[in-house]
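*Asks:* Provided herewith is a single structure, encoded as structure tokens, for subsequent inquiry.
Numbering (the numbering used here), first residue to last: 5 to 416.
Take a look at the structure:
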């Protein structure tokens, strides 16, 4: 993802214009973006150009998976947190512990849906404002499933049989891309959410305390073997593919399933308009896996910003604008975390998402991400990639995770 600094003049409310007739207010923003987020800054700029004259935003947009955490750690170490930070909900508590994130107003936090507030609340104070949700699981081609009389599996054994049935009729079971380590990290956490954290919510704390280990842990090994299963059930060149190529092939009907998230529907809705899609959770050992929800775009502010009140005002305005919300939600193919702001689009997987939500069969990935921070997940995924390429053994990967367990939680 392109990293750059975008400087844009924005418009502001009357009281700002009155205060700052001679000198513009400059607000710095660090935005950690996932692949489907790039371009949101342009939408916000256009919106703010009408709302807030006299304010100038300086954007630094970086890839969330590869660069955001390192950027934030550097800023925190230097005591130079931008006025506004846009990351994910899982980032909030990690950075709030440093004392360098400011709390948001109750007026703003009241606009957020209750099920999105826990990941951004610490010691009874709210430090972030979630804006949208993604859902993670196995997106599947319903046309292929209907053609061959197949149904979503609920157990590992049923998944194995499904893979065999698809291969028997010449269909590639899984779309996959293993060029990027973040993808392996995401897939691994999906398994861990339903096989480990669903039953042991404090598993990361237990790992750091030495109560549990990765080495010799059958569940942890099973999570890794799921990645190998998908690799073996995908295209021959899956290790070389990036997300764009994998998304493209899947939306052309070149595979039946795709362990991913609703971010891939951004591509599918553009180029796979004739295909019917659905989503189900990757099966766990107990046969009771839940669909995974991820709280994505989350607004934060510096504790030391000179413009705290102005930022609160901008945040409230942003959380209140229905037209802008529809544009962002439609563009990212996501669901709203803000009360009263709902997407106008009807995603191809929306019917299944609503069913899992109605049944209460949802698990929030922030629980796992708070226990094992992203930098640890990503470094472990890099080790897994070496294993998948035949360069390391599974035991060496598990030993690496144990040896680096102290790095699985944020330290100043």
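No residue lacks a Cβ here, since even glycine has one placed at the ideal position from N, Cα and C.
(1) Which value, in whole angstroms, describes the spacing of the CA atoms of residue 145 and residue 28?
(2) Starting from residue 136, trace the beta strand (DSSP E) in both directions and tell me its first and last residue.
(3) Based on DSSP bridge pairs, tell me the residues matched to residue 101.
(4) Quick one: which unbroken beta strand (DSSP E) runs of 3-plus residues sit fully inside the region 58 to 100? Chain order, please.
(5) Who pairs with residue 340 in a beta bridge, going by DSSP?
(6) Do residue 142 and residue 258 have their CB atoms nearer than 8 Å?
(7) Could you name the residues of the same chain whose beta carbon sits closer than 7 Å to that of residue 354, not counting the 5 residues immediately before and after it, in chain order?
(8) Can you check which of these residues, 31, 289 and 278, is closest to residue 352 by C-alpha distance?
(9) Please say whether residue 304 and residue 132 have beta carbons closer to each other than 8 Å?
(10) Using a Cβ-Cβ cut-off of 7 Å (strictly less than) and excluding sequence neighbours within five positions of residue 341, which residues of its own chain qualify?
(11) If you drop the 5 nearest sequence neighbours on each side, which residues of the same chain put their C-beta closer than 7 Å to that of residue 390?
(12) Determine the closest residue to residue 45 out of 74, 207, 322 and 194, with distance taken between C-alpha atoms.
(13) For residue 387, count the other beta carbons within 10 Å of its own beta carbon; 16 or more makes it buried, fewer makes it exposed. Which is it?
(14) Grouping DSSP H, G and I as helix and E and B as strand, with all else coil, what is residue 226?
(15) Any chance you could list the alpha helix (DSSP H) runs of at least 4 consecutive residues sitting entirely within the region 216 to 269, in chain order?
(16) Hey, quick one: how far does the beta strand (DSSP E) through residue 35 stretch, first residue to last?
(17) Could you tell me whether the region 103 to 114 touches the region 69 to 76, using the rule of 3 or more Cβ pairs below 8 Å?
(18) Can you check whether the CB of residue 227 is closer than 8 Å to the CB of residue 269?
(19) Examine the Cβ distances between the region 400 to 410 and the region 243 to 257 and report whether three or more of them are shorter than 8 Å.
(20) How many angstroms separate the CA atom of residue 365 from the CA atom of residue 294?
(21) DSSP three-state call for residue 331: helix, strand or coil?
(22) Label residue 244 either buried or exposed according to how many other C-beta atoms from any shown protein chain fall within 10 Å of its C-beta, with 16 as the threshold for buried.
(23) For the region 89 to 101 against the region 367 to 383, do three or more pairs of beta-carbon atoms, one drawn from each stretch, fall closer than 8 Å, so that the two count as touching?
(24) May I ask which residues mark the beginning and end of the beta strand (DSSP E) holding residue 298?
(25) Spatial neighbours of residue 326 within its chain, please: C-beta separation below 7 Å, excluding the five flanking residues on both sides.
(26) Tell me the start and end of each unbroken alpha helix (DSSP H) in the region 366 to 416 that is at least 4 residues and wholly inside, in chain order.
*Replies:* By the coordinates alone:
(1) Residue mapping note: residue 145 aligns to position 141 of the chain shown, counting from 1. Residue mapping note: residue 28 aligns to position 24 of the chain shown, counting from 1. About 52 Å.
(2) Numbered from its first residue, the chain shown carries residue 136 at position 132. Unbroken beta strand (DSSP E) run through residue 136: 136 to 145.
(3) Counting from one through the chain shown, the residue named residue 101 turns up at place 97. Residue 101 is not bridged to any residue.
(4) 88 to 92
(5) Residue 340 sits at position 336 when you count from the first residue of the chain shown. Looking at the DSSP assignment, residue 340 forms a beta bridge with 136.
(6) For the purposes of this step, residue 142 is identified with residue 138 of the chain shown, where counting begins at 1. For the purposes of this step, residue 258 is identified with residue 254 of the chain shown, where counting begins at 1. Between residue 142 and residue 258, the C-beta gap is not smaller than 8 Å, which leaves the two residues out of contact.
(7) Looking up residue 354 in the chain shown gives position 350. The same chain holds no residue with a CB closer than 7 Å to that of residue 354 once the five nearest residues on each side in sequence are set aside.
(8) Taking the first residue of the chain shown as 1, we reach residue 352 at position 348. Of 31, 289 and 278, the residue nearest in Cα terms is 278.
(9) Counting from 1 along the chain shown, the entry for residue 132 is found at position 128. Counting from 1 along the chain shown, the entry for residue 304 is found at position 300. Contact: yes.
(10) Locating residue 341 in the chain shown gives position 337, where the first residue counts as 1. If you ignore the 5 residues before and after residue 341, its C-beta comes within less than 7 Å of the C-beta of 116, 117, 120, 134, 135, 136, 137 and 299, all in its own chain and listed in chain order.
(11) Residue mapping note: residue 390 aligns to position 386 of the chain shown, counting from 1. If we look at residue 390 and ignore the five residues flanking it on each side, its Cβ neighbours are 396.
(12) Within the chain shown, numbered from 1, the residue matching residue 45 stands at position 41. Nearest C-alpha to residue 45: 322.
(13) For the purposes of this step, residue 387 is taken as the residue at position 383 of the chain shown. So residue 387 ends up on the buried side.
(14) Counted from its first residue, the chain shown places residue 226 at position 222. For residue 226, the three-state secondary structure derived from DSSP is helix.
(15) Taking only runs of at least 4 residues, the alpha helix (DSSP H) segments lying wholly in the region 216 to 269 are 222 to 236 and 247 to 255.
(16) Here residue 35 refers to the residue found at position 31 of the chain shown. 29 to 37 is the extent of the beta strand (DSSP E) around residue 35.
(17) no
(18) One-based indexing of the chain shown puts residue 269 at position 265. One-based indexing of the chain shown puts residue 227 at position 223. Taking 8 Å as the Cβ cut-off, residue 269 and residue 227 do not qualify as a contacting pair.
(19) no
(20) Looking up residue 365 in the chain shown gives position 361. Looking up residue 294 in the chain shown gives position 290. Just so you know, the alpha carbons of residue 365 and residue 294 end up roughly 5 Å apart.
(21) As a position in the chain shown, residue 331 is number 327, starting the count at 1. Secondary structure of residue 331 (DSSP, three-state): helix.
(22) Working through the chain shown from its first residue, we reach residue 244 at position 240. Residue 244 is exposed by the Cβ-count criterion.
(23) Note that the region 89 to 101 touches the region 367 to 383; at least 3 beta-carbon pairs, one per stretch, sit closer than 8 Å.
(24) In the chain shown, counting from the first residue as 1, residue 298 sits at position 294. That run of the beta strand (DSSP E) goes 295 to 299.
(25) For the purposes of this step, residue 326 is taken as residue 322 along the chain shown, with counting starting at 1. Once the five neighbours on either side are set aside, the close Cβ partners of residue 326 are 345.
(26) 370 to 375, 378 to 392 and 398 to 407
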